[in-house]
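First comes the structure, then the notes that go with it.
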Amino acid sequence: MYPLLAALCAARIAMAQDVPSAADKPTQETQDANDKVVELSPFVVQASATNSYMATNSASGTRIALPLESTPLTISVVTADLLKDKGTPSVNEALRFMPGVRRNANNSDQFKIRGFQARAPRVDDFYDAGDLNEGRSRYEMAEMERVELIKGPTSVLFGFGNPGGVLNMITKRPQSKEAYSVTATLGSWDQKRIALDATGPIAKKGDWELLYRLITVKESAEGFRDFEDSKSEFVSGQLQLNYRNTTSLRVRFRYHDIWEHEAFTLMPYDIADGTIIIPEISYNVSGPLGDFAHLKQLSTNYEFTHSFSSHLHFRAAATDHEFYFNSLRRIGEALIPDHTGVNVVGAMDDNKRQIKAWQMDLTGNWDFSAAKLKLVAGANGTHSLSRIEGKNNTNLPVFTLNQATRNYTLGNPADYIPGANDFRDNNMDRVYYALTTVQAFNDRLTLLAAVGRGESDTNNTLIRKTPPTVTVGHFKVTKPQFGASYELRKGLFMFANMSESAAPNVRFPATPEEGKSYDIGFKFNQDKFAGSVAYFHTTRSNIQVQIFNTTTGLTSFELSGEEMAEGVESDFQYFPTKQLQIVGTYAWTNSRVVSDAQRPGRVGTTLPDVPRNAVRLWSKYTFNGGALDKVWVGAGYLYTSQMIGNRNPVRYKVHVDGWQRFDASLGYTTKMGKARVDYVLNAENLLDKDYIDYMFVRGRPFNLKASATFSF
Numbered sequence: 069m070y071p072l073l074a075a076l077c078a079a080r081i082a083m084a085q086d087v088p089s090a091a092d093k094p095t096q097e098t099q100d101a102n103d104k105v106v107e108l109s110p111f112v113v114q115a116s117a118t119n120s121y122m123a124t125n126s127a128s129g130t131r132i133a134l135p136l137e138s139t140p141l142t143i144s145v146v147t148a149d150l151l152k153d154k155g156t157p158s159v160n161e162a163l164r165f166m167p168g169v170r171r172n173a174n175n176s177d178q179f180k181i182r183g184f185q186a187r188a189p190r191v192d193d194f195y196d197a198g199d200l201n202e203g204r205s206r207y208e209m210a211e212m213e214r215v216e217l218i219k220g221p222t223s224v225l226f227g228f229g230n231p232g233g234v235l236n237m238i239t240k241r242p243q244s245k246e247a248y249s250v251t252a253t254l255g256s257w258d259q260k261r262i263a264l265d266a267t268g269p270i271a272k273k274g275d276w277e278l279l280y281r282l283i284t285v286k287e288s289a290e291g292f293r294d295f296e297d298s299k300s301e302f303v304s305g306q307l308q309l310n311y312r313n314t315t316s317l318r319v320r321f322r323y324h325d326i327w328e329h330e331a332f333t334l335m336p337y338d339i340a341d342g343t344i345i346i347p348e349i350s351y352n353v354s355g356p357l358g359d360f361a362h363l364k365q366l367s368t369n370y371e372f373t374h375s376f377s378s379h380l381h382f383r384a385a386a387t388d389h390e391f392y393f394n395s396l397r398r399i400g401e402a403l404i405p406d407h408t409g410v411n412v413v414g415a416m417d418d419n420k421r422q423i424k425a426w427q428m429d430l431t432g433n434w435d436f437s438a439a440k441l442k443l444v445a446g447a448n449g450t451h452s453l454s455r456i457e458g459k460n461n462t463n464l465p466v467f468t469l470n471q472a473t474r475n476y477t478l479g480n481p482a483d484y485i486p487g488a489n490d491f492r493d494n495n496m497d498r499v500y501y502a503l504t505t506v507q508a509f510n511d512r513l514t515l516l517a518a519v520g521r522g523e524s525d526t527n528n529t530l531i532r533k534t535p536p537t538v539t540v541g542h543f544k545v546t547k548p549q550f551g552a553s554y555e556l557r558k559g560l561f562m563f564a565n566m567s568e569s570a571a572p573n574v575r576f577p578a579t580p581e582e583g584k585s586y587d588i589g590f591k592f593n594q595d596k597f598a599g600s601v602a603y604f605h606t607t608r609s610n611i612q613v614q615i616f617n618t619t620t621g622l623t624s625f626e627l628s629g630e631e632m633a634e635g636v637e638s639d640f641q642y643f644p645t646k647q648l649q650i651v652g653t654y655a656w657t658n659s660r661v662v663s664d665a666q667r668p669g670r671v672g673t674t675l676p677d678v679p680r681n682a683v684r685l686w687s688k689y690t691f692n693g694g695a696l697d698k699v700w701v702g703a704g705y706l707y708t709s710q711m712i713g714n715r716n717p718v719r720y721k722v723h724v725d726g727w728q729r730f731d732a733s734l735g736y737t738t739k740m741g742k743a744r745v746d747y748v749l750n751a752e753n754l755l756d757k758d759y760i761d762y763m764f765v766r767g768r769p770f771n772l773k774a775s776a777t778f779s780f
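Using this note's numbering, you'd call the opening residue of the sequence shown number 69 and step up by one each time.
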């Protein structure tokens with residue numbers, strides 16, 4: 069890592085001595101031609117020129133930068149400005165303003181979309197290695213430009229996936245204009261955070277240009293729970309070589325290191341009768357005696373793009389990502405029969421996950437007298453390797469709810485027994501796809517058709533069996549996708565789509581999960597008001613579920629039956645003036661378990677961690693002129709209704725109450741010398757409500773966070 073940083077710094081110094089001459093500068097005619105190529109690039113994504121919270125197009129949903137309002141898919145986007153104003157260094161907070169999305173893992177960035185497990189977000193279209201085998205992915209939002217959510221099955225362009233949708237996080241890219249920023253943050257529970265972002269040209273010669281971007285973050289914090297603390301370091305370095313405006317080669321290196329004491333304690337519950345107990349706010353089964361979790365990620369990404377002409381473009385990308393997880397933790401949330409304490413297990417983990425993946429896309433666009441045709445053809449492949457090992461100690465004493473009698477021992481090291489489910493996994497996926505869109509009648513009609521052909525090979529070994537048990541699986545699937553959008557009147561579109569999905573079940577490799585979804589709805593984009601409303605109906609079957617045994621500390625897997633979710637989702641952005649911005653989302657979801665041979669008692673119950681109603685609102689007002697010139701205020705409201713609180717199917721009787729939360733922000737922009745300075749104060753949970761946020765994990769009480777960003 070440090071040689072890369074040194075190289076970037078040295079190159080940046082050299083750039084100061086390599087100022088291009090006037091002869092190297094492009095003529096106006098050349099610049100105009102180059103700008104035209106950039107404008108037509110299918111890999112460019114844009115935000116609105118007038119409203120920073122509104123995106124105008126998406127590259128994720130179709131690999132073509134189509135206008136969001138006419139794309140016959142349900143797509144939501146969180147822009148960089150909304151992320152900044154909300155002060156969201158976590159993925160969970162960033163995604164709260166996307167309808168139908170909920171985090172549903174206690175110690176990793178995994179999410180549900182429309183009621184179905186969607187795993188962790190992609191990064192620049194690629195899987196994250198930490199997400200393998202119910203993994204432990206974590207992300208640093210400082211490197212993210214925006215977050216895109218494509219609803220419905222995504223097997224055509226994204227490879228194997230679930231029927232709810234896919235989250236794709238777009239990273240910041242090197243820029244031709246020199247820019248630097250430093251953000252310092254102080255927050256409740258002794259939070260300290262410093263983030264640096266630098267970008268610009270290293271060298272320029274004729275038609276060639278070498279750019280860089282360097283993002284570093286260092287953070288430490290305690291927490292509202294007893295004995296909770298964490299620290300992290302993050303570095304992302306990029307180099308991008310451009311030739312004219314037709315060819316680019318980008319290389320990105322990422323390093324992320326996290327140490328923490330347990331911060332994801334679940335509330336005590338009783339499986340049999342559905343009781344859930346909410347102890348004191350600082351409750352934590354983790355103690356002061358040396359338990360820890362350590363996560364480390366190393367990844368290298370490559371991306372090459374070339375425009376053969378204004379009609380034909382090529383993109384190739386690859387990633388090599390390694391993820392390590394080591395821990396010694398106390399885990400426990402199941403109540404003993406008299407409800408005076410919980411069973412606690414000591415757990416040691418030693419895991420490694422690795423992904424090597426590639427993607428290629430060839431994109432074409434042609435304008436005819438009667439229609440516009442766009443075509444994408446491509447392929448992607450993923451080779452993933454996992455080594456999952458652990459030891460468990462079931463001899464720890466009961467953890468009492470009475471604070472005065474609690475025992476935080478980690479037990480005798482000799483009592484930690486290797487896990488019966490330790491395994492090695494070797495998986496290879498390949499997907500080939502084609503997608504076309506046709507726009508006709510002066511772009512009022514958009515038709516979309518796509519097909520994806522995928523195959524998967526899995527080799528799974530349970531290493532603790534005698535002899536080791538090897539499971540081999542192979543399958544091939546072909547999945548279609550269709551959609552149509554029609555502009556009923558200026559700025560008002562009606563759309564519909566149908567798509568199917570498939571995904572390999574790692575523990576049951578010969579039986580893939582399958583899904584199907586239908587959407588129909590409206591999109592609108594007026595001068596000051598934009599948004600969408602859509603009805604969806606989605607099913608999935610052959611579902612692999614993870615079951616954690618709170619008595620033994622072991623995780624097992626089983627195939628469930630069929631699940632269904634339908635609902636209405638809407639989002640809007642309203643900008644009545646240049647000073648006022650309002651965004652909001654609403655999701656109504658009706659879900660149920662259709663069949664479950666393992667647990668017939670679940671049939672007819674709602675899907676876990678899926679509220680019937682969810683509302684999100686955020687508004688920002690910026691003062692213009694007078695004593696409060698350039699001051700802005702923000703206010704947010706979040707509501708989530710009652711639901712089954714945990715994805716583990718054995719806990720389907722345990723419900724958690726609904727909750728509502730009020731947030732606020734205050735900001736001010738000024739100049740300090742040549743630097744722009746943005747001050748922001750974020751207040752979360754203004755009424756200090758005690759609530760269960762996700763997976764039986766408690767939401768944060770009232771807290772403050774103050775930041776100052778210096779931009780040059």
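Even glycine gets a Cβ: it sits at the ideal position worked out from N, Cα and C.
Where the alpha helix (DSSP H) containing residue i begins and where it ends
i	result
Asp149	148-154
Where residue i falls: helix, strand or coil (DSSP)
i	result
Phe576	coil
Leu279	strand
Gly291	coil
Leu141	coil
Arg18	With the chain covering 69 to 780 only, the question about residue 18 has no answer from this structure.
Ala781	No information on residue 781 is available, as it lies outside the stretch 69 to 780 that the chain covers here.
Leu108	At Leu108 the pLDDT is 35, less than 50, meaning the model places this residue with poor confidence and gives no usable figure here.
Gln728	strand
Arg498	strand
Met209	helix
Gln471	helix
Val506	strand
Leu55	Past the boundaries of the shown model lies residue 55; the chain is included only from 69 to 780, so the question cannot be answered.
Leu136	helix
Gly522	strand
Phe391	strand
Phe179	strand
Val722	coil
Asp483	helix
Ala564	strand
Asp761	strand
Arg670	helix
Distance CB(residue i)-CB(residue j) smaller than 8 Å
i	j	result
Asp664	Val671	yes
Arg320	Ser304	yes
Gly522	Arg498	yes
Ser659	Gly168	no
Ala578	Ala564	no
Met460	Val413	The sequence as given places Asn at residue 460; Met does not occur at that position. Closer than 8 Å, so yes.
Leu464	Gly409	no
Gly702	Asp153	yes
Ala425	Tyr195	yes
Lys688	Gln649	yes
Thr657	Arg680	yes
Where the beta strand (DSSP E) through residue i begins and ends
i	result
Val159	Unbroken run through Val159 is the alpha helix (DSSP H), 159-162; no beta strand (DSSP E).
Lys272	259-273
Arg684	681-690
Ala774	771-779
Leu706	699-708
Gly599	597-609
Heavy atom of the ligand ADP within 7 Å of residue i beta-carbon
i	result
Phe295	With respect to the ligand ADP, the structure shown offers nothing to examine, as it has no ligands at all.
Complete beta strand (DSSP E) runs within the segment 298-376 (minimum length 3 residues, chain order): Fully enclosed beta strand (DSSP E) runs of 3 or longer: 315-328, 360-375.
The segment 572-581 contacting the segment 513-530, beta-carbon criterion three pairs below 8 Å: Of all C-beta pairs linking the segment 572-581 to the segment 513-530, three or more are shorter than 8 Å, placing the two stretches in contact.
Contact the segment 445-456 vs the segment 424-437: 3+ CB pairs below 8 Å: Taking 8 Å as the limit for Cβ pairs, the verdict is that the segment 424-437 does touch the segment 445-456.
Cβ contact (3+ pairs, closer than 8 Å) linking the segment 184-196 and the segment 219-233: Verdict: yes, contact present.
Meets three-Cβ-pair contact criterion under 8 Å: the segment 232-242 and the segment 723-733: They do not touch, by the three-pair rule.
Sufficient close CB pairs (3 or more, under 8 Å) joining the segment 272-285 to the segment 327-347: No, they do not touch.
Meets three-Cβ-pair contact criterion under 8 Å: the segment 165-181 and the segment 264-275: Contact fails: fewer than three Cβ-Cβ distances are below 8 Å.
Segments assigned beta strand (DSSP E), at least 3 residues, entirely inside the segment 422-468: Whole beta strand (DSSP E) segments, 3+ residues: 439-461.
Cβ contact (3+ pairs, closer than 8 Å) linking the segment 254-265 and the segment 761-776: A contact exists between the segment 254-265 and the segment 761-776.
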